[in-house]
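Below is one structure, written out as structure tokens, with a few remarks after it.
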Amino acid sequence: MREAVRELKERVGVRGALVMSSDGMVVAADLCDGLAPDSVAALASAAAGQARRAARDLGLGRTRRIIFTASFGRLVFVPVDELMLVIVTEPSLDLELTLLEIAGPARRIRELSRLNAPV
Amino acid sequence: MGFLARSRERIRLSRLRRRLASEPRPHAIAELARAYLGLGEAGLAAEVLHSGLSQFPASTELARVQLLAASEEGLHRLRAAKELVQRSPCVQFSLELADAYRSLGRHEQYAQVLREALERYGENGTVLAQLGEVRLRRFLESTAAADALAAEGLLLRALKVEPEALKPRFLLAELYYRVGGVQHAREQIERLLAAAPAHERAARLRDALDREAAAAAAGIEDFRSLLAEVEERMRLLHGRLPWEEEPAAQDAAAPERAPFAEPGAEAAALARASGAERVLLIDERGAAWGAARDGAFDATVRDLAALCQRAARGMELGVPASLVVEGETGAFVLEMKRGALAGLVLPARAGAGTAAVAARDSLERLVRG
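Going down the list, the sequences are from chains A and B. Count along the first sequence from 1, then add 972; that gives the number in the working numbering. Count along the second sequence from 1, then add 4; that gives the number in the working numbering.
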């Protein structure tokens, strides 16, 4: 899992990535200096939870992706079964390209999470 | 080893070196080089090895010690560069550190240091060119379009910072050549050779381009179909080729709308333009239009905007601009500008990107109005 997260961070424009549980526990993280995994996970967990509740209330069904853009960075949340993959990128990076770049590692993380899931 | 012991060892090695000059033997030369390395005298070790290998070029032992010396020197350089970066951080020392990693073959750390330098010190031509080169090399191994596009982006940024720099221009030409953009490769090469006529690699690349042109003129259709295939794949992946002009933004292409007049009408126009099922516009004073009578939606939009503020502040991401929540049966788009908000609920078939552009346009007019 750590390797897959590290691989994500190698992508151009990606400042860091982390995998967390729904309650904000960090499973694996590789973030640039200045971003503490626990703080990011806590904020990301609260944000993703609220956004997912809003999506459910608005009748949008199960959340597939959450993208938050600010002037200095962008957060992409991808639910991976019971886990949540959070990627921090440059705000100016082409969104489609970012999504293309993260598709492979996200798939790998999904496979790994299934392998590690209790039977 | 103490100072005296080191001095004695140095004197002993100098004597040994003089003896070896009159009676050279590969094993003894290798021993001497190793001893110098042990003393941290990488320069002297290299000198001894150079002289030994010129006399015994087939000696595998000497070749092995030379490899060891290179690695020792690299590690020494790495330690020195790390100290420099820690003591007085600047882009030059970060480049030195990156180069030290590269010389040791630690390419992952090399790219990481460059990325950190870019993040820390902003746009720098050398850093961007080196990162572009990393991505270009990765593209040559992976042939993934994403790598080519990333390399192109980085090299163009490098040239924007330093338009006269030769390296990024050459790399850009090489990239275009590798993806089949012969004409664009030629443009870059001609420009480079005009600035530096003696650039050998550029001249070689121009020769290769000439040969390709001759082959194409001779009617080699395979080559053309290969190019077409590459271009088609890149278009599928990115919607355009790296050397094509970026399509004009949808909002720029749209006819200029009248100045913001009545917020309710603007919300209705936004719903029509975006295909949204629900639209809510909230100005910087908190007044709402559109789905304002739907209290739950109003509260959701305001709550999510507050959440974005908190997240951006907590992670030092600056000013929040947008939030898109994509669900299985639709999407929610929230655009934020100077305290004003636009919230939209879209059905699955509507494009979130188009809706976001339309919402930004409306917000722009709302805050101006």
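For every residue, glycine included, the Cβ atom is placed at its ideal position computed from N, Cα and C. Note that the structure is a prediction, hence the values are computed from the model and not measured.
Worksheet item: Going along the chain, which residues of the stretch 317–343 of chain B sit with their C-beta nearer than 8 Å to a C-beta in chain A?
Response: G318, M319, E320, L321, G322, V323, P324, A325, S326, L327, V328, V329, E330, G331, E332, T333, G334, A335 and F336
Discussion item. Whole angstroms are fine: how far does the CA of L163 of chain B sit from the CA of H188 of chain B?
Written reply: 15 Å
Worksheet item: Is it true that the CB of T333 of chain B sits closer than 9 Å to the CB of L1032 of chain A?
Response: yes
Worksheet item: With distances taken from CA atoms, which of B:V165, B:R190, B:V186 and B:E100 is nearest A121 of chain B?
Response: B:E100
Discussion item. Going by DSSP in three states, S994 of chain A sits in which element: helix, strand or coil?
Written reply: coil
Item to complete: Excluding the 5 residues preceding and the 5 following R1080 of chain A in the sequence, name in chain order all residues of the same chain whose CB lies nearer than 6 Å to its CB.
Response: A976
Worksheet item: Any idea what DSSP makes of S92 of chain B, helix, strand or coil?
Response: coil
Worksheet item: Can you find a C-beta in chain A that's less than 9 Å from the C-beta of A198 of chain B?
Response: no
Discussion item. Beta-carbon within less than 8 Å of A1014 of chain A's beta-carbon, same chain only, minus the 5 sequence neighbours each way: which residues are those?
Written reply: G996
Worksheet item: Would DSSP call T130 of chain B helix, strand or coil?
Response: helix
Discussion item. Only counting the same chain, and skipping five residues up and downstream in sequence, which positions put a Cβ closer than 8 Å to that of E288 of chain B?
Written reply: R342, G343, A344 and V371
Worksheet item: In its own chain, which residues sit with a C-beta less than 8 Å from the C-beta of A262 of chain B, not counting the 5 before and 5 after it?
Response: With a pLDDT of only 42 at A262 of chain B, under the threshold of 50, the placement of this residue in the model should not be trusted; the figure read from the coordinates follows. Same-chain partners within the cutoff: there are none.
Fill in: Distance between H203 of chain B and V986 of chain A (C-alpha atoms, nearest Å)
35 Å
Worksheet item: Would you say D1029 of chain A reaches chain B, if we count a Cβ-Cβ gap shorter than 9 Å as a contact?
Response: yes
Worksheet item: Taking only beta-carbon atoms, is F301 of chain B less than 9 Å away from chain A?
Response: yes
Worksheet item: Taking the C-alpha atoms as reference points, what is the distance between Q134 of chain B and A1019 of chain A?
Response: 36 Å
Discussion item. With a threshold of 9 Å between beta-carbons, can P1063 of chain A be considered close to chain B, or not?
Written reply: yes
Worksheet item: Is any beta-carbon of chain A found at less than 9 Å from that of C94 of chain B?
Response: no
Practice prompt. Answer with yes or no whether the minimum CB distance from L1057 of chain A to chain B is below 9 Å.
Written response: no
Worksheet item: Taking Cβ positions only, does L153 of chain B come closer than 9 Å to chain D?
Response: Structure shown: chain D not included; protein chains present are A and B.
Worksheet item: Would you call the CB atoms of V329 of chain B and A1016 of chain A closer than 9 Å?
Response: no
Fill in: C-beta neighbour in chain A for E120 of chain B, strict 9 Å
yes
Worksheet item: Under three-state DSSP, which class holds D365 of chain B?
Response: helix
Discussion item. I'd like to confirm the pairing. Which residues does DSSP put opposite S326 of chain B in its beta bridges?
Written reply: A:T1041 and B:E339
Discussion item. Three or more C-beta pairs under 8 Å: does that hold for the stretch 268–283 of chain B against the stretch 345–354 of chain B?
Written reply: yes
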